[in-house]
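**Student:** Let me begin by handing over the structure; questions about it come next.
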Amino acid sequence: MAKEYKITSLRLADLEKELNYLKTTREREIAAMIAEARSYGDLSENSEYDAAKNEQAKLYGRIAEIEDILSHAVIIEDENQATGRVGLGCTVTVKDLANGEVTAYRITGSQEANPMEYKLSDDSPFGRAVVGKAVGETFTVNAPTGAYRMEVIDVTREG
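Numbers given in the numbering used here equal positions in the sequence shown, counted from 1, plus 229.
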């Protein structure tokens, strides 16, 4: 069975837009780079040609990756919305019970996760611990750096 990719409809639209750009504009740009490099003569010692062919390989790899994601995408329908519990697509504000620090995270599928932007996958240690929790509940995150206790302060949803 193929892997399913949990993504929001917004991420789906972004991937479709990127795929269209790669298959049209970017593919033409790389074809032009290859044609220009060929005009320089001997391909065996032509670094511009090698670089253009490497770019083409990266392009086709990214196109294949996006097509795989799109063909196995599962759009996130938030099943916890009515209950006010943490689920995919929501933003959860938590308090670290050890130091009192308050932080907000968006719970996403693995394709959208970006810890630098406070977007955490439901498959991450934090995501697995917090999904299904409601405001006021505490939970323990078993992270590689050790376990820590958190409290859900707020749960919101966009859209």
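Note that CB positions come from ideal geometry on N, CA and C, so glycine has one too. If you're wondering where the values come from, they're calculated on a predicted model, not measured in any experiment.
Rounded to a whole number of angstroms, what is the C-alpha to C-alpha distance between V303 and A260?
**Tutor:** Reading the sequence shown from its first residue, position 74 is the one you call residue 303. Reading the sequence shown from its first residue, position 31 is the one you call residue 260. Taking the straight line from one Cα to the other gives about 34 Å.
**Student:** Mind checking which residues open and close the beta strand (DSSP E) that includes L349?
**Tutor:** In the sequence shown, residue 349 corresponds to position 120, counting from 1. Taken as a continuous stretch (DSSP letters only), the beta strand (DSSP E) holding L349 covers 348–350.
**Student:** Using the Cα positions of T385 and A372, report the straight-line distance between them to the nearest angstrom.
**Tutor:** Position 156 of the sequence shown holds residue 385. Position 143 of the sequence shown holds residue 372. Using only the alpha carbons, I get a separation of about 24 Å.
**Student:** Spatial neighbours of E341 within its chain, please: C-beta separation below 7 Å, excluding the five flanking residues on both sides.
**Tutor:** Residue 341 sits at position 112 when you count from the first residue of the sequence shown. Excluding sequence neighbours, E341 sits near I236, T237, R240, K348.
**Student:** Buried or exposed: which applies to V337, given that a residue is buried once 16 or more other Cβ atoms fall within 10 Å of its Cβ?
**Tutor:** By 1-based counting over the sequence shown, the position of residue 337 is 108. Residue 337 is actually Thr in this sequence, not Val. It is buried - the Cβ of T337 has at least 16 other Cβ atoms within 10 Å.
**Student:** In the DSSP assignment, find the beta strand (DSSP E) that holds Y390 and state where it starts and stops.
**Tutor:** This structure leaves residue 390 out entirely; the chain is present only between 230 and 388.
**Student:** In angstroms, rounded to a whole number, what distance separates the CA positions of D297 and L288?
**Tutor:** Here the question's residue 297 lines up with position 68 in the sequence shown. Here the question's residue 288 lines up with position 59 in the sequence shown. Roughly 14 Å separates the two Cα atoms.
**Student:** Quick check on the DSSP output: what are the complete alpha helix (DSSP H) runs of length 4 or more inside the segment 299–385, in order along the chain?
**Tutor:** Segments of the alpha helix (DSSP H) lying fully in the segment 299–385: 354–359.
**Student:** Starting from R255, trace the alpha helix (DSSP H) in both directions and tell me its first and last residue.
**Tutor:** Working through the sequence shown from its first residue, we reach residue 255 at position 26. No alpha helix (DSSP H) contains R255, which DSSP labels as neither H nor E.
**Student:** Near A248, which residues of its chain fall below 8 Å by C-beta distance, leaving aside the five closest residues on each side in sequence?
**Tutor:** One-based indexing of the sequence shown puts residue 248 at position 19. The question names Ala, but residue 248 in the sequence shown is Leu. Taken in chain order, the residues that qualify are I292, I295, E296, L299.
**Student:** So, for G365: in the same chain, excluding its five sequence neighbours on each side, which residues have a beta-carbon less than 8 Å away from its beta-carbon?
**Tutor:** Indexing the sequence shown from 1 puts residue 365 at position 136. Closer than 8 Å at the Cβ level, and outside the excluded window around G365, lie E380, V381.
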